[in-house]
Amino acid sequence: VPDLETEISECLAEIDSKLNSSKLLKLTVNPTLDCNLRCWYCYEQHLHGSCMTLKIMESFYRYIDTCLSNGKYEKLQLAFFGGEPLMKFDKVVNPMLIQVKKICNQYNVDFAVSFTTNGVLLTHRVRTAIKSITQNVAVQIPFDGDSEFHNNVKRFPNGMGSYQIVKNHAREAVIDGFRVTIRCNATKSNIHSFQNVINDFEDLLSQPNLRFSFHKVWQEADDDEFKSEITALKSAISHQQFTSNIHSYFGDSMNPCYGDYADNYVFNYNGDIFKCTARDFNTKNRIGHLNDNGEIAFNNSALIRTKKSLTAECPTCRRLPFCPICSQTRAESSDGKCPAHITPEEITLNIHQFYLDLSRT
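Okay, so the sequence shown: first residue is 1 according to UniProt numbering, each after it adds one.
See the structure below:
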């Protein structure tokens, strides 16, 4: 049996190997920072009329062509974020999908696409257009509770709620074969209502391409009351079988944050480059910018983030092999310690969840 120091070294090497894989290129694009809905917890400053220009799109294509031409990548994962990315489907997203697919075909690279969308514009026309380019499609659609709660958060300018439209589009996407994640934005007041959301998908719960992902709204306190509400929901839905992260307080135990991958970058509509989508897309937060030649000009922030990818406590933590805390959060830790206040019992719970998730893969 290897000693502890050897196990830690091997674990760190395995994590480094996974996050620095030379086979997978993961890129995220913000076609716009505009949005057709307004959510009280959103951290972004929505910019009306913002849109990626053709000039920046062409620079982005040059960047991809350069990356794929060296022959080391086997797969490109292109994610669309925002803002609401589907607001610019015809002007940015669809032509970008077509062109990037051509580049992937040229270099014999697999192509996968994903969308983080409020679901309002995920219409039959849009889904059909996407499927004509690639069958490897994933969407994440946020819900803020059942219709009563969701409609109080995600309303149209005329005051009408969006729950029914979003629910229908999400269901249709599952039936169309998209990998659909229902992101459940949980608060103490709405978490019990997600039982109704699950019931609205009851006839689809056995589908392998449907998953429920529970996340605490970031402004909500992670206290005993919140955890008690989670426990109550788990009890209420215990008779239903579906794929989710409900048994873990700390997110997905199988997949690291996309921002932790060395070759993952977020391309903002104006050419600014970021590592993380969970921060305000302000130029002062960027790690670089995309120049006309399709190259990223990095600044000092990129180097600082790399140096702080782990805290001093990480190497001796039992949860290190599958920790879902991203390097962005670790880098922002003011005292150099773990940014999550996790009890030994919760770590044990995460270990159990990891093996449960592993058994389902």
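C-beta atoms are modelled at their ideal positions from N, C-alpha and C, and glycine is treated no differently.
Treat the numbers as computed from the prediction; the structure is a model and nothing was measured.
Taking C-alpha atoms, which residue in the options lies nearest to residue i?
i: residue 362; options: SER244, LEU68, THR311, GLY83; result: Outside the displayed range of the chain (1 to 361) lies residue 362, so it cannot be described from this structure.
i: SER59; options: SER327, GLY336, ILE287, TYR269; result: TYR269
i: residue 370; options: ARG125, ILE175, PHE194; result: Because the chain is modelled from 1 through 361, residue 370 falls outside the range shown and cannot be assessed.
i: THR231; options: ASP203, ILE246, TYR261, LEU121; result: ILE246
i: VAL100; options: ALA278, ALA138, MET57; result: MET57
i: GLN77; options: HIS46, SER69, GLY71, VAL109; result: VAL109
i: LEU310; options: ALA13, ASP3, THR6; result: ALA13
i: LYS284; options: ASN291, PHE274, ASP292; result: PHE274
i: GLU74; options: ILE98, LEU24, PHE214, VAL174; result: LEU24
i: GLU5; options: GLU346, PRO344, THR316; result: THR316
i: SER132; options: GLN106, LEU121, GLY119, PHE178; result: PHE178
i: residue 383; options: HIS192, ILE351, LEU121; result: With the chain covering 1 to 361 only, the question about residue 383 has no answer from this structure.
i: PHE80; options: ILE103, SER235, THR28, ARG211; result: THR28
i: SER162; options: ILE351, VAL174, CYS11, SER147; result: SER147
i: ILE64; options: LEU97, ILE98, GLY294, ASP16; result: GLY294
i: SER228; options: HIS192, ASN196, PHE242, GLY271; result: HIS192
i: GLY83; options: PRO95, ASN118, ILE342; result: ASN118
i: ILE351; options: PHE322, HIS341, THR343; result: PHE322
By the 10 Å Cβ neighbour count, where 16 or more other Cβ atoms means buried, how is residue i classified, buried or exposed?
i: THR66; result: exposed
i: SER327; result: buried
i: PHE250; result: Annotation note: pLDDT 45 at PHE250 (below 50); position unreliable, coordinate value reported separately. PHE250 should be labelled buried.
i: GLN135; result: exposed
i: HIS239; result: exposed
i: ILE198; result: buried
i: ARG318; result: exposed
i: THR348; result: exposed
i: ARG127; result: buried
i: ILE325; result: buried
i: GLU7; result: exposed
i: GLU345; result: exposed
i: ASP272; result: buried
Output yes if chain B places a C-beta closer than 8 angstroms to the C-beta of residue i; else output no.
i: ASP200; result: Of the protein chains in this structure there is only one, and it is not chain B.
In chain order, what residues of the same chain have a beta carbon less than 6 angstroms from the beta carbon of residue i, not counting five sequence neighbours either side?
i: HIS48; result: ASP34
i: GLN140; result: THR116, THR181, ARG183
i: ASN190; result: GLY145, PHE149
i: PHE226; result: LYS188
i: CYS301; result: At residue 301 the sequence reads Ser, which differs from the Cys that was named. If we look at SER301 and ignore the five residues flanking it on each side, its Cβ neighbours are ILE287.
i: CYS257; result: CYS326
i: TYR107; result: LEU68
Output the boundary residues of the alpha helix (DSSP H) element that contains residue i.
i: ARG330; result: 327 to 331
i: PHE60; result: 54 to 69
i: VAL153; result: 147 to 153
i: HIS169; result: 163 to 175
i: LEU78; result: Unbroken run through LEU78 is the beta strand (DSSP E), 75 to 80; no alpha helix (DSSP H).
Among residues of its own chain, excluding the 5 on either side of residue i, which ones have a beta-carbon nearer than 7 angstroms to its beta-carbon?
i: PHE298; result: ILE287, GLY288
i: GLN171; result: With the sequence shown as reference, residue 171 is identified as Arg, and Gln is not the correct amino acid for it. Only PHE201, LEU204 meet the Cβ criterion.
i: THR329; result: PRO339
i: GLU313; result: LYS337, CYS338
Just reading off the beta strand (DSSP E) that residue i is part of, what are its end residues?
i: VAL126; result: Element bounds for VAL126: not the beta strand (DSSP E) but the alpha helix (DSSP H), 124 to 131.
i: PRO142; result: 137 to 143
i: ALA340; result: Run containing ALA340: none; DSSP gives neither H nor E here.
i: VAL29; result: 24 to 29
i: ALA297; result: 296 to 298
i: ALA112; result: 110 to 116
query: With contact counted as at least three CB pairs below 8 angstroms, one residue from each stretch, are the region 51 to 71 and the region 80 to 97 in contact?
result: The region 51 to 71, when compared against the region 80 to 97, does touch it at the 8 angstroms Cβ threshold.
field: Inter-stretch contact at 8 angstroms, needing at least 3 Cβ pairs: the region 213 to 224 / the region 256 to 265
entry: No: fewer than three Cβ pairs fall under 8 angstroms.
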